[in-house]
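Residue numbers for the sequence shown follow this note's numbering, so the first one is 23 and each next one is one higher.
All C-beta atoms in this analysis are idealised placements derived from N, C-alpha and C, irrespective of residue type, glycine included.
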Amino acid sequence: MKKGVTAMEVFDFKENWCDENQIIPKLLSTQAMEYLIEPILDVGCGLGDIAYLAFPEKIATCIDVNQISPDEFPLSPNHERIQIDFFEFCSDRHFNTVLISHTLQFLDDDVDRLNKAIHKLNPTTIILVLNDNNDLMGDIVDWAEKNLRYSNPEKHVHGFPEGYSIKKTIPFEATIHCPDFKKLVKQVGYLIVQDLIGKDEQLTNFLKIKLAGKPQFTFKQSILIYQKDGK
């Protein structure tokens, strides 16, 4: 059973096969800047590239469980990077904005605990970036639930964020483009956080039928901007 992803898996997916981290910073900087009030907490920042590209001039703390080399993936001088679990990081520090981009699936095992951690930080704004799962990604999530003993795909979480209301939705599409289905199946395994041992061929056949033999697909995502009730 696979619980998380490594820094190299993040790099491989976002730098080589999927264009989402080229799209997300542009949308944040052009359509969400008024909501990105510093200081910002980037939860599960990965390589730190979204913060670096979207809001380099703003004070931000970027946290991730994986160790990221500052030489390979530098941050803006206004940003700090801390290797730590989100639930261990939570303290009396205050952040006006919390960004959770494609990280919610690693935080949502206990929604009450997640809401309590967010309430302790007490941000005015929470920005989530999630897959919509209303297209092929939805079919993949359904396939995983029916055919795998364990998977952890990204989903919208009922009851989170508690005490916040949606203010703006920014829809977009990202594309995964691989040279062959072996590589594509590996990337789908990354998305649903599963090694797929013994299920590679079954998933390959499923994807070949769905994609008419082409190892690529476009899927819908959204940037969801929430603000604290009463603000």
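Problem set entry | Contacts around Lys232, its chain only, beta-carbon distance under 7 angstroms, and the 5 residues preceding and following it disregarded | Correct list, in chain order: Leu158, Asp161.
For this session: Could you have a look at Ser244 and say whether DSSP puts it in helix, strand or coil?
Result: In the displayed model, Ser244 falls within a strand according to three-state DSSP.
Problem set entry | Cross-strand partners of Gln238 (DSSP beta bridge) | Here Gln238 is bridged, per DSSP, to His199.
Problem set entry | Start-to-end residues for the beta strand (DSSP E) that takes in Gln44 | That residue, Gln44, is in no beta strand (DSSP E); its alpha helix (DSSP H) goes 42-53.
Exercise. Given a threshold of 16 other Cβ atoms within 10 Å of its Cβ, counted over all protein chains shown, does Ala234 qualify as buried or as exposed?
Worked result: Exposed, because fewer than 16 other Cβ atoms sit within 10 Å of the Cβ of Ala234.
Exercise. Which same chain residues, not among the five before or five after Asn88, have their C-beta less than 6 angstroms away from its C-beta?
Worked result: Scanning its chain for C-beta atoms nearer than 6 angstroms, with the 5 sequence neighbours on each side dropped, one finds around Asn88 the residues Ala29, in chain order.
For this session: Any chance you could list the beta strand (DSSP E) runs of at least 3 consecutive residues sitting entirely within the segment 122-204, in chain order?
Result: Unbroken beta strand (DSSP E) stretches of 3 residues or longer found wholly inside the segment 122-204: 147-153, 186-199, given in chain order.
Exercise. Quick one: what's got a C-beta closer than 6 angstroms to Lys24's C-beta in the same chain, skipping five residues either side?
Worked result: Bear in mind that the predicted position of Lys24 carries a pLDDT of just 48, short of 50, making it unreliable; the figure below should be weighed with that in mind. By the criterion of a C-beta distance shorter than 6 angstroms, Lys24 is surrounded in its chain by Val215, Gln216, Asp217, once the five residues flanking it on both sides are discounted.
Exercise. Looking at the structure shown, is Val27 part of a helix, part of a strand, or coil, going by DSSP?
Worked result: Note: Val27 maps to coil in three-state DSSP.
For this session: Can you tell me which of the three DSSP states Ile104 falls into?
Result: Three-state DSSP puts Ile104 in a strand.
Exercise. Just reading off the alpha helix (DSSP H) that Leu97 is part of, what are its end residues?
Worked result: Element bounds for Leu97: n/a, residue is neither H nor E.
For this session: Compute the Euclidean distance between the alpha carbons of Phe182 and Ala196, then round it to the nearest angstrom.
Result: Distance between the alpha carbons of Phe182 and Ala196 is about 24 angstroms.
Problem set entry | Identified DSSP bridge partners for Leu233 | DSSP lists no partner for Leu233.
For this session: In angstroms with no decimal places, state the Cα-to-Cα distance between Asp202 and Lys236.
Result: Distance between the alpha carbons of Asp202 and Lys236: 8 angstroms.
Exercise. Do you know how far the Cα of Gly211 is from the Cα of Glu176?
Worked result: Each residue's alpha carbon lies about 12 angstroms from the other.
Exercise. Hey, does Leu229 have any beta-carbon neighbour from chain B nearer than 9 angstroms?
Worked result: The structure shown contains no chain B; it is built from a single protein chain.
Exercise. What residue range is occupied by the uninterrupted beta strand (DSSP E) comprising Leu63?
Worked result: Judged by DSSP secondary structure, Leu63 falls within the beta strand (DSSP E) whose first and last residues are 62-65.
For this session: Evaluate Ser187 with the Cβ neighbour count: other Cβ atoms within 10 Å of its Cβ, from every protein chain shown; 16 or more gives buried, anything less gives exposed.
Result: Its Cβ having fewer than 16 others within 10 Å, Ser187 is exposed.
Problem set entry | C-alpha distance - Lys168 paired with Lys242, whole-angstrom precision | Taking the straight line from one Cα to the other gives about 22 angstroms.
Exercise. Cβ atoms of Val151 and Ser244: under 9 angstroms apart, would you say?
Worked result: Closer than 9 angstroms, so yes.
For this session: For the alpha helix (DSSP H) holding Ile72, just list the boundary residues, first then last.
Result: Note, Ile72: alpha helix (DSSP H), 71-76.
Exercise. Asn118 and Glu60: beta carbons closer than 9 angstroms?
Worked result: In this structure, Asn118 sits near Glu60, with a CB-CB distance shorter than 9 angstroms.
For this session: Measure from the alpha carbon of His116 to the alpha carbon of each residue in Ser91, Ala82, Ala166, Gln44, then state which is nearest.
Result: Looking at the Cα atoms, Ala82 is the closest of the given residues.
Exercise. What are the boundary residues of the beta strand (DSSP E) that Ile16 is part of?
Worked result: No statement about residue 16 is possible, as the shown extent of the chain runs from 23 to 253 and does not include it.
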